[in-house]
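Protein chains in written order, with UniProt numbering: chain W, 1 to 228; chain P, 1 to 228.
Protein chains: 2
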Amino acid sequence: MGRKLDIGELLRQQPVFREMSDELLQRLAAVAIQVRAAKHQLVFRRGEQATGIYIVATGHVKLAIPSPQGQEKVIEFFRPGQIFGDAVMFLDRPYLVDAEALEDSLLIWIDKHHLYEAIDHEPALARHLLVSLSQRLHFLMQDIESVNLQTSTQRVVSWLLRQPRRATDAGTQTSFAVSKNLIASKLGLTPETLSRVLHQLRIAGLIQVEGRDILIHDADALEQCMAG
Amino acid sequence: MGRKLDIGELLRQQPVFREMSDELLQRLAAVAIQVRAAKHQLVFRRGEQATGIYIVATGHVKLAIPSPQGQEKVIEFFRPGQIFGDAVMFLDRPYLVDAEALEDSLLIWIDKHHLYEAIDHEPALARHLLVSLSQRLHFLMQDIESVNLQTSTQRVVSWLLRQPRRATDAGTQTSFAVSKNLIASKLGLTPETLSRVLHQLRIAGLIQVEGRDILIHDADALEQCMAG
DNA sequence: CGACAACTTGAGGCTGTTCAACCTCCGTGG
DNA sequence: CCACGGAGGTTGAACAGCCTCAAGTTGTCG
C-alpha cells in the first residue's frame, strides 16, 4: 500500500527527522512507504520478523502481548510522531507483541537497510533514535515499578496524575484516550478492578467520572492517597 | 577514582567499542575514568542526575528500584561488557533506580559530552548503543509479560529454561549467579514463594536443588508445566 | 564454637481475580 | 417510533494465589 505523495513533508514533521539534511530526507522519503491501517487492523503480529520501523503519522496504535487464554496485556500506546517496532528490528528478532490500530491510522514504514544507511550519514538521527528508545525503556521501568510495588489504587492514581490535564473551574480534567478495558490492561488490572477503584475515588470525593472524562477535584489530596 | 592505565585495552575488549577506529578509541580512553566499586557499594542512587554511562569491565552490578517500605524490586543484572545508565543519560532525567555492585567490580565511566562526540564520528558506536538499548527494552517487555500473564510457577520455570546451562550425566545444570533473594525480586516474587515453587518442582521430580545449583532432569517436562 | 545471613516451612489473611448478573448507551432494522 | 442486540461498563459474592509474619533450619565465616 504505498503511494508516495508528500512523504518528505510528512517525515519532516516528525521530531526524529526534523534536523535532517534536505538531501538525506529526500532519499529516505523516496524509499519510505505509507501504510494505512484501518481501526482494529493488526500492523504486525507477535512472531513475525521485523525488517523496518514504523512512524505514526496520524492515528493511534497499541502494542500488546497476546496470551493463549485470550486476554492480552497492553504495553504501550503510540501517537503521531512516535516510532515503534525499532527495538526488535535492531535486535533481528521476531516481534514480541501485536501492533493494532485503535483508529484509522497512517503510518510510515522505513526499511532497515535504508535506516541504517541514514544513521551512518546523520548522527543526529542516531541520537533521536537513542532518545526514543531510552524514553520507552524509562516508561517500561516505571510500569514495572508500578506493577511490583504498588496497590491497584496507587497505580490508578499515579496514572491519573501523569496524564496531561486541562484546568476547569472545578479542578483539572483529563480523559481516557481509549476504552477503560485497555487502560486496565495497561495498568495490569482487570476492568472490574479499575471500575471499583474509580468508584472508591469517586465516593471519596476526589474525582468525578463521566464516561471517559475524569475531573480531578484535588490533585494534592490524590497524591496523599498514594502514600497512605 | 581514575587511574588511567590500560583503559584503551579495556575498552577495546568491550563489544561496544570493538569496531572503533584506534584514534577515536584512544581519544575516548583518554577521557574515560575507571571506577572501582566494592561489593555492596552503590554506584548511583535513584534521583541523582546522570552525566555519563557506565560499562562493566569486571564484576557484577544490579539495578533495582528502592521502595519506601524497604523492599526493593530488582530490574536487571549487568555483567562484563554491558552498559548501564545510558537510558537516563540520553533523556537528561534523574536515575529511576539504584545501581549496586554485587561483588568488587571495575567500571568504566564515560562522560556524556565525550560520548556524544564519539557517536557523531563513529556510526558503528551508535548502532551498538541502539542494539544495547533494544536488548534491554526487549528483556523488560518479557518481564512485564511474565509478571502480568504468568503464575509464580510459570515465571520460575520460564526463567530456569532461559538460563544458560551445561550438560551433565543426569540432565542439564544451571546455577544462580546471585542469592535467591535477588532472583525472587527479579521475578516479582517473595523469597518464600520462590522457595516453595522450587520445592514443588523438586518433589515433582523435575529438578534437583543444591544451594545455588539446579539440575534440570527433563527440560521438556518442565516446558509442559508451563502450559498446564 | 557462636553469630549472622540465607533459606525453608507453616498458618493465616488480604488483595485482586473470576464468574455471573445487570445496566446503559447506541446504532440498526422492523 | 420502538424493539432488539451488542459492546462497554458496573456491581456483587466467592474464591485463589501470593504475601505476611513468625519460627525453625542450614550454612558460612570469623
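Every residue gets a Cβ at the ideal spot worked out from N, C-alpha and C, and that includes glycine.
**Report entry** residue 206 of chain P - DSSP class collapsed to helix/strand/coil
**Finding:** If DSSP states are grouped into helix, strand and coil, residue 206 of chain P belongs with coil.
Query - Where residue 67 of chain W meets chain P, residues with beta-carbon distance less than 7 Å - result: Ordered by position in chain P, the residues that pass the 7 Å Cβ test against residue 67 of chain W are 149.
Query - Short-range partners of chain W found in the stretch 136-147 of chain P, where Cβ spacing is below 9 Å - result: So the close ones are 136, 137, 138, 140, 141, 142, 143, 144, 145, 147.
Query raised in the report: By Cβ distance, which residues of its chain are closer than 7 Å to residue 186 of chain W, with the 5 residues on each side in sequence left out?
Result: Listed in chain order, the non-local C-beta contacts of residue 186 of chain W below 7 Å within the same chain comprise 74, local neighbours out to five positions each way being set aside.
Query raised in the report: What do you get for residue 174 of chain W, buried or exposed, if any count of 16 or more other CB atoms within 10 angstroms of its CB means buried?
Result: Residue 174 of chain W is classed as buried because its beta carbon has at least 16 other beta carbons within 10 Å across all chains shown.
Query raised in the report: Would you say residue 27 of chain P faces chain W, with C-beta separation under 8 Å as the test?
Result: Put simply, the CB of residue 27 of chain P is far from chain W, with every gap to its CB atoms at 8 Å or more.
Requested in this report: Identify the continuous beta strand (DSSP E) that holds residue 78 of chain P and give its terminal residues.
Outcome: In the DSSP annotation of this structure, the continuous segment of the beta strand (DSSP E) that includes residue 78 of chain P starts and ends at 72-78.
Query raised in the report: Which class does residue 100 of chain P belong to by DSSP, given the choice of helix, strand or coil?
Result: Of the three classes helix, strand and coil, the one that applies to residue 100 of chain P here is strand, per DSSP.
Report task. Determine the closest residue to residue 190 of chain W out of W:71, W:7, W:87, W:65, with distance taken between C-alpha atoms. Result -> Among W:71, W:7, W:87, W:65, the Cα nearest to that of residue 190 of chain W belongs to W:71.
Report task. Give the secondary structure of residue 153 of chain W by DSSP, where H, G and I count as helix, E and B as strand, and everything else as coil. Result -> Secondary structure at residue 153 of chain W: helix, using DSSP grouped into helix, strand and coil.
**Report entry** Proximity winner among W:17, W:215, W:36, relative to residue 27 of chain W (alpha-carbon distances)
**Finding:** Out of W:17, W:215, W:36, W:17 has the C-alpha closest to the C-alpha of residue 27 of chain W.
Report task. Find out if the Cβ-Cβ distance for the pair residue 140 of chain W, residue 137 of chain P is shorter than 8 Å. Result -> With a cutoff of 8 Å on beta-carbon distance, residue 140 of chain W and residue 137 of chain P are scored as near each other.
Query raised in the report: Ordered along the chain, which non-local residues of its own chain (more than five positions away) have a Cβ less than 7 Å from that of residue 57 of chain W?
Result: Closer than 7 Å at Cβ, skipping near neighbours: 10, 80, 106, 107, 108.
Requested in this report: Determine the chain W residues that contact residue 119 of chain P at a beta-carbon separation under 9 Å, and present them in chain order.
Outcome: The contacting residues are 123, 126, 127, 130.
Query raised in the report: If you drop the 5 nearest sequence neighbours on each side, which residues of the same chain put their C-beta closer than 7 Å to that of residue 176 of chain W?
Result: The answer, listed in chain order, is 183, 212.
**Report entry** residue 101 of chain W to residue 188 of chain W span [Cα, whole Å]
**Finding:** Roughly 21 Å separates the two Cα atoms.
Query - Rounded distance between the beta-carbons of residue 84 of chain P and residue 63 of chain P, thought under 8 Å - result: About 6 Å separates the beta carbons of residue 63 of chain P and residue 84 of chain P, which is inside the 8 Å limit, making them a contact pair.
Query raised in the report: Across which residues does DSSP place residue 44 of chain W in a beta bridge pair?
Result: W:99, per the DSSP bridge assignment.
Query raised in the report: When the cut-off is 8 Å and only beta carbons count, does residue 158 of chain P lie next to chain W?
Result: Chain W places no beta carbon closer than 8 Å to that of residue 158 of chain P, leaving this residue out of the contacts.
**Report entry** Anticipated Cβ contact below 8 Å, residue 38 of chain W with residue 104 of chain W, distance rounded
**Finding:** Rounded to the nearest angstrom, the Cβ distance from residue 38 of chain W to residue 104 of chain W is 5 Å, consistent with a contact under 8 Å.
Query raised in the report: At what residue ranges does the stretch 163-187 of chain P contain a whole run of the beta strand (DSSP E), taking only runs of 3 or more?
Result: Qualifying beta strand (DSSP E) stretches, in chain order: 166-168, 171-175.
Report task. Please list, in chain order, all residues of the same chain as residue 76 of chain P whose beta carbon is under 6 Å from its beta carbon, the five residues on each side excluded. Result -> Within the same chain, residue 76 of chain P has close Cβ partners 63.
Query raised in the report: Quick one: what does DSSP say residue 21 of chain W is sitting in, helix, strand or coil?
Result: Coil.
Report task. Please list, in chain order, all residues of the same chain as residue 88 of chain W whose beta carbon is under 8 Å from its beta carbon, the five residues on each side excluded. Result -> Excluding the 5 residues flanking it on each side, residue 88 of chain W has same chain C-beta neighbours closer than 8 Å at 50, 94, 95, 96, in chain order.
Query raised in the report: Is DSSP giving residue 39 of chain P helix, strand or coil here?
Result: In the three-state scheme derived from DSSP, where H, G and I count as helix and E and B as strand, residue 39 of chain P is classed as coil.
Query raised in the report: Using a Cβ-Cβ cut-off of 8 Å (strictly less than) and excluding sequence neighbours within five positions of residue 221 of chain W, which residues of its own chain qualify?
Result: Within the same chain, residue 221 of chain W has close Cβ partners 206.
Report task. Please compile the residues from chain P whose C-beta is within a distance smaller than 7 Å of the C-beta of residue 75 of chain W. Result -> Those within 7 Å of residue 75 of chain W in chain P are 141, 144.
Query raised in the report: Helix, strand or coil for residue 105 of chain P per DSSP?
Result: Residue 105 of chain P sits in a strand when the DSSP states are folded into three classes.
Query raised in the report: Pick from W:24, W:214, W:111, W:225: whose alpha carbon is nearest that of residue 178 of chain W?
Result: For residue 178 of chain W, the nearest C-alpha among the options comes from W:214.
Query raised in the report: Is it buried or exposed for residue 42 of chain P, if we count other Cβ within 10 angstroms and need 16 for buried?
Result: Here residue 42 of chain P is exposed, its C-beta having fewer than 16 other C-beta atoms within 10 Å.
Query raised in the report: Do we get a CB-CB distance below 8 Å when we pair residue 170 of chain P with the residues of chain W?
Result: It does not; no Cβ of chain W falls within 8 Å.
Query raised in the report: Between residue 115 of chain W and residue 52 of chain W, is the Cβ-Cβ spacing less than 8 Å?
Result: For residue 115 of chain W and residue 52 of chain W, yes; Cβs fall inside 8 Å.
Query raised in the report: By how many angstroms is the C-alpha of residue 224 of chain P removed from the C-alpha of residue 231 of chain P?
Result: Lying before the first or after the last residue shown, residue 231 of chain P is absent from chain P, which here runs from 1 to 228.
Requested in this report: Could you tell me which chain P residues have their CB closer than 9 Å to the CB of residue 10 of chain W, listed as they occur along the chain?
Outcome: Within chain P, no residue has its beta carbon less than 9 Å from that of residue 10 of chain W; the closest one is some 23 Å off.
Query - Spatial neighbours of residue 47 of chain W in its chain, beta-carbon cut-off 7 Å, leaving aside the 5 residues before and after - result: Excluding positions up to five away in sequence, the list reads 94, 95.
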